[in-house]
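Have a look at the structure below before the remarks.
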Amino acid sequence: MSQSSTTVEVRILDKEYLVACPQEEQEALLKAARHLDTKMREIRSTGKVFGTERIAVMAALNITHELLERDTMSDATSSLLKAMDNRLDKALGEPSGN
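Going by the working numbering, the first residue of the sequence shown is number 0, and it counts up by one from there.
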């Protein structure tokens, strides 16, 4: 696993940025930049938020909210699966695997 860094050019809301990252993370960085660019364009297109900095903050808040929602859903799913596993153990007469 190489840790050699390379500089990648990304374009977000019509502005170019040079970002250093490990070579093996280039695709992930480009994907993240495309996602951010899309979110920022969506916010800009509403016409309700003005200024690149404000658009960036709103995009960051929206993306963070999505990630936190996903984590919460994952936690809820995990709890539900654990409860179902315990019920199955009880129904089958097996000791609970806590």
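Where is the CB? At the ideal position from N, CA and C, for every residue including glycine. Computed from a predicted model, the values in this text were never measured in an experiment.
Quick one: Cα of residue i to Cα of residue j, how far?
i: Met39; j: Arg10; result: 12 Å
i: Leu80; j: Phe49; result: 44 Å
i: Ser3; j: Gln22; result: 6 Å
i: Asp84; j: Glu52; result: 48 Å
i: Thr63; j: Gly92; result: 43 Å
i: Thr37; j: Lys30; result: 11 Å
i: Glu121; j: Thr45; result: Beyond the ends of the chain as shown, which are 0 and 97, falls residue 121; an answer cannot be given.
i: Arg86; j: Ala75; result: 17 Å
i: Glu41; j: Ala82; result: 40 Å
i: Ala90; j: Leu66; result: 36 Å
Under the assumption that residue i contacts residue j (Cβ atoms under 8 Å), give the Cβ distance between them as a whole number of angstroms.
i: Leu12; j: Cys20; result: Not confirmed; about 20 Å, so no contact.
i: Ile132; j: Arg69; result: No answer is possible for residue 132: the residues shown for the chain start at 0 and end at 97.
i: Leu17; j: Glu8; result: 6 Å
Under a CB-based cut-off of 8 Å, is residue i close to chain C?
i: Lys89; result: Looking at the structure shown, chain C is missing, and only one protein chain is on hand.
Spell out the partners DSSP gives residue i in its beta bridges.
i: Val18; result: Val7
Please name the residue, chosen from the options, that lies closest to residue i on a Cα-to-Cα basis.
i: Met57; options: Leu35, Thr71, Thr6 and Ser78; result: Leu35
| request: Could you pull out every unbroken alpha helix (DSSP H) segment of at least 4 residues lying fully inside the region 19-88, listed in chain order? | output: Here the runs fully enclosed are 25-45.
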